[in-house]
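K.L.:
So that we are looking at the same thing, I have put the structure below in structure tokens.
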Amino acid sequence: ADEVSLRNANPNNVVIVNTSDKNRFIGEVDLFSAPLLVHKDAIYIHESQQFQVDELDWDGKKAFVSETDSDYYTDAIAKTDLKVLDILDKKGGKVETFFGEVAVTTVATAFKKVKFFTHENVGMGKIYLPEMEMHSTSTWLEFPKLLFEDPYFEESIIGEGIRGIAYTMQNLIPLYIMCDRADISVIPMVRAPFSHMPTIYVYDKYPGGVGLSKKLFNLIPMLLSSVHDHINNCGCETGCPSCIGPPLESGLFGKKSARKILKQLI
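Numbering (our numbering), first residue to last: 41 to 306.
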């Protein structure tokens, strides 16, 4: 099985080896995504079967997994820096929308164990893997200053609102562009290095991009309307895993701030 893995796998990918089935090769992930998806103790899902990553041989580019039946999934926490390389398309409006090429640098630092259905955080763990860099494509939304003329919007409050909107976008975008949640990443920045404006970036988590963020470029008004409705229709007061994320992550004012921002855009 090992020989088959080496013969068939892309040399730039990490191959996944099932130790519960005679070290059978069951898949592969690209090197950039590996620290997020197949770090030690990650839950990896393949053909509806759950696997736990028992070991990640980084130098050998192999993740050794065993079958498990868990009531949670893992969600990696990463520090990400993003630099715009080229703007390929642009649309005006209450929010300016851009599409272009970006350089993404990310380092995975920890992971959460999140319960299925309730999205409750039931544990944490550390990740010790190197920083990764890749070029990809992105659609991003730039929020103009006039949205924040209300004295309510201190910079920290803007940040909480932008983070809440980004969290909801991450959950809704797959419904619009028919992808897996793990195929895209949504990064909110209060002061983006390119424009110094509050910005939300959505980029393909594959080197060079695979067209996902490009699909999204023409769907932003519809997406923001859905984000607005989703947040407003949730019965929680200050945020929860079903809308903008729990208050400990999104901030105590995240939901109110997100609603005030979105109200001006719809």
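We put the beta carbon where it would ideally sit given N, CA and C, even for glycine.
(1) When we look at the beta-carbon of E16 and count the other beta-carbons within 10 Å, is it buried (16 or more) or exposed?
(2) Give me the Cβ distance between Y243 and S225, rounded to the nearest whole Å; I'm assuming they're in contact under 8 Å.
(3) Look at the Cβ atom of K131, then the Cβ atom of L305, and state whether they are nearer than 7 Å.
(4) For the pair the region 140–158 and the region 213–224, tell me if three or more CB-CB distances fall below 8 Å.
(5) Please return the same chain residues whose Cβ sits closer than 6 Å to the Cβ of V162, not counting the five positions on each side in sequence.
(6) Apart from the five residues on each side of it in sequence, which residues of its chain come closer than 7 Å, Cβ to Cβ, to D115?
(7) Looking at the unbroken alpha helix (DSSP H) that takes in R203, where does it start and where does it end?
(8) Does E160 pass the burial test, meaning 16 or more other C-beta atoms within 10 Å, or should it be called exposed?
(9) With 16 other CB atoms within 10 Å as the buried threshold, where does L122 fall?
(10) Alpha carbon to alpha carbon, what distance is there between V105 and I56?
(11) Here's the rule: buried if 16 or more other CB atoms are within 10 angstroms of the residue's CB, otherwise exposed. What is Y168?
(12) How far does the alpha helix (DSSP H) with M262 in it extend, from its first residue to its last?
(13) For the beta strand (DSSP E) containing R64, list its first residue and its last residue.
(14) Identify, in the order they occur along the chain, each residue of the same chain with its Cβ nearer than 7 Å to the Cβ of A232, setting aside the five sequence neighbours on each side.
P.N.:
To lay it out plainly:
(1) Outside the modelled stretch of the chain, which goes from 41 to 306, sits residue 16, for which no answer is possible.
(2) Confirmed, Cβ separation roughly 6 Å.
(3) Contact flag unset, no.
(4) no
(5) Counting only Cβ-Cβ distances below 6 Å, and skipping sequence neighbours, we find Y112, K153, K155.
(6) F151, K152, V154
(7) Start and end: 195–217.
(8) exposed
(9) With 16 or more other Cβ atoms from the protein chains shown falling within 10 Å of its own Cβ, L122 counts as buried.
(10) 7 Å
(11) exposed
(12) Per DSSP, the continuous alpha helix (DSSP H) segment holding M262 begins and ends at 260–273.
(13) Per DSSP, R64 belongs to the beta strand (DSSP E) from 64–70.
(14) T239
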